[in-house]
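Please read the structure below before turning to the comments.
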Amino acid sequence: MSASHPITPWRATAHSNIALVKYWGKRPSEIPDLNLPAVSSLSLTLDELRTETTLEPSASDIFVLDGQSLQEGAAKKVFAHLDRVWTALGHSDPRPPCQVESTNHLPTAAGLASSASGFAALTLAAHGAFGGSLDLESISQLARRGSGSAARSIWGGAVRLDRGSKADGSDCRAYPIATPQACENWRFIIVHTAQGPKAIGSTGAMQRCAETSPFYPAWVEGNEADIEVAHKAIEAQDLEALGAVMEHSCYKMHACMWATVPALRYWNGVTLSVLEALEKLRAQGHKAYATSDAGPHVKVLCAASASEELASALARVPGVHQVQVVAIGPHASSGAR
Ligand code: PMV
């Protein structure tokens, strides 16, 4: 361990988020490792779905996820991110080895994004443990370099991530646009349509989509207009307008994915059945709107007062494994252990 830079045991909790206006695609950059998004995005943070992470000094790098020690894959990404945070905090000596333990409080079925809450919690834990004094916006920019959506999980409520245009990425920044309290009348119903991990990770999929989908330029071009509509709808607490732009962003992203070569089709038959059931519920007067990410699950945005009735109706769609009603969640938190 470095005598000059001891590691302070630290803990952090960050909540997952669901994008209403999606991030899909990376901005080409001269500077490696910035992980700049090609489009801006806007999300709501989730209440129960969260990652808790602790970091402490150790004789060697160790990563324990949900009680299981990992060596490859996820562990390598975690250690690379620790190096990134260490260097960003101005340390020039090698990073001392660390033990990181993370627990995902996410639904039992896999395939729901844990990278947002995971990298947000990891960044906050590492920043604290390594003696950082960055502001939240800079911490969010660091989290983005681990996973784009993680930049938004630093805050609760509604969060906007601007793509920016500067080559150094300094104007690519996330910031909260509505407090958790301002969103307390909304719920997400998470409708699980499959079990098991997603087929292809987002980074490779985004790259393939940008390179081969003829719809990709249109996807990028339409983004700023969607962001402004969604931002205004959040400020006006207009669920109908927000739901409409959210569905449009989701369908555009998936259309872009379907037109990728080879096709990226994350949805299954049950996904389509849920979307159809939702349209029928809407025709009956319910205000409920769907979105879906790089996986087959459907997330339905609705008013808190209607959420239990809608959840029961969606649970009856043949093939649905589980439904979960989730409130809008708080800011991430961290502190010395
Ligand atoms: O943060 P990543 O690299 O896992 O990408 C997330 C991409 C989507 O979940 C599909 C959309 C989003 O904005 O969260």
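In numbering that gives the first Met the number 0, the protein residues as written are 0 to 336.
Using N, Cα and C, we set each Cβ at its ideal position, and we do this for glycine too.
Since this is a predicted model, take the numbers as computed values, not measurements.
Quiz item: Quick one: any contact between the segment 155–172 and the segment 33–49, if contact means 3 or more CB pairs under 8 Å?
Solution: With a cut-off of 8 Å on Cβ pairs, the segment 155–172 is in contact with the segment 33–49, counting three or more such pairs.
Quiz item: Out of curiosity, what's the CA-to-CA distance linking F187 and P27?
Solution: Their Cα atoms are separated by approximately 33 Å.
Quiz item: Using CA coordinates, which residue listed in E246, L81, I189 and G294 is at the minimum distance from P93?
Solution: When only C-alpha atoms are compared, the closest one is L81.
Exercise. Kindly indicate the opening and closing residues of the beta strand (DSSP E) around Q67.
Key: Q67 to L69 is the span of the beta strand (DSSP E), which, as asked, contains Q67.
Practice problem: Classify I123 as helix, strand or coil using the three-state DSSP reduction. | Solution: It should be noted that the sequence gives Leu, not Ile, for residue 123. Of the three classes helix, strand and coil, the one that applies to L123 here is helix, per DSSP.
Quiz item: If you run the structure through DSSP and keep just helix, strand and coil, what is E183?
Solution: It is coil, neither helix nor strand.
Practice problem: Sort I176, V244 and A305 by Cα distance to E234 and report the nearest one. | Solution: Residue I176 is the option with its Cα nearest to E234.
Practice problem: With a threshold of 16 other CB atoms inside 10 Å of the CB of P31, please say whether the residue is buried or exposed. | Solution: So P31 ends up on the exposed side.
Practice problem: Under the assumption that M205 contacts K25 (Cβ atoms under 8 Å), give the Cβ distance between them as a whole number of angstroms. | Solution: Sure, about 6 Å apart at Cβ, within 8 Å.
Exercise. Consult DSSP for D237 and reduce its assignment to one of helix, strand or coil.
Key: Coil.
Quiz prompt | Span of the alpha helix (DSSP H), counted from its first residue to its last, around V77 | solution = Run containing V77: A73 to A87, per the alpha helix (DSSP H) assignment.
Practice problem: Assign P264 to one of two classes, buried (16 or more other C-beta atoms within 10 Å of its C-beta) or exposed (fewer than that). | Solution: At residue 264 the sequence reads Arg, which differs from the Pro that was named. Counting of Cβ neighbours within 10 angstroms places R264 among the exposed residues, the total staying below 16.
Quiz item: Hey, is Y22 close to ligand 1, as in C-beta under 7 Å from one of its heavy atoms?
Solution: Yes - ligand 1 has a heavy atom lying nearer than 7 Å to the Cβ of Y22.
Quiz item: Can you give the beta carbon distance from T53 to A124, rounded, assuming they're within the 8 Å contact cut?
Solution: At roughly 7 Å, the Cβ-Cβ gap stays under 8 Å, so T53 and A124 are in contact.
Quiz item: How is W218 classed by DSSP in three states: helix, strand or coil?
Solution: Three-state DSSP puts W218 in a helix.
Quiz prompt | Contacting residues, own chain, Cβ-Cβ under 8 Å from L141 (five flanking each side not counted) | solution = R83, V84, A87, T122, H126 and L133.
Self-check item: Of the listed residues L69, K165, V99 and L313, nearest to T50 (C-alpha basis)
Solution: The residue with the shortest Cα to Cα distance from T50 is V99.
Quiz prompt | DSSP beta-bridge partners of Q323 | solution = Residue pairing by DSSP places Q323 opposite I189 in a beta bridge.
Quiz item: Does DSSP put W9 in a helix, a strand or coil?
Solution: Strand.
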